[in-house]
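Numbering (our numbering), first residue to last: -5 to 74.
First comes the structure, then the notes that go with it.
Next up, the structure:
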């Protein structure tokens, strides 16, 4: 059993009757489905970040330098 499957089961137990199971891949903790534009925005952000990682690697940055610069950037953009 994957950790994600166990997490879903735990959420169902925690939320009890209030848990909604929409049968979707992306859900909030309570089981409600996010709106499609939100999922698209998250995916676009991840793709953008991956592109920056690849670019920095191609420029010869060390893994440590990429990790330290990416951590600051991700914290900033994740706090929207």
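For every residue, glycine included, the Cβ atom is placed at its ideal position computed from N, Cα and C.
The C-beta distance from residue 60 to residue 47 rounds to 6 Å, short enough to meet the 8 Å contact threshold. CA-to-CA, the gap between residue 19 and residue 49 works out to about 30 Å. Under the three-state reduction of DSSP output, residue 52 falls in the helix class. CA-CA distance, residue 55 to residue 43, rounds to 15 Å. In the structure shown, residue 33 adopts helical secondary structure according to DSSP, grouped into three states.
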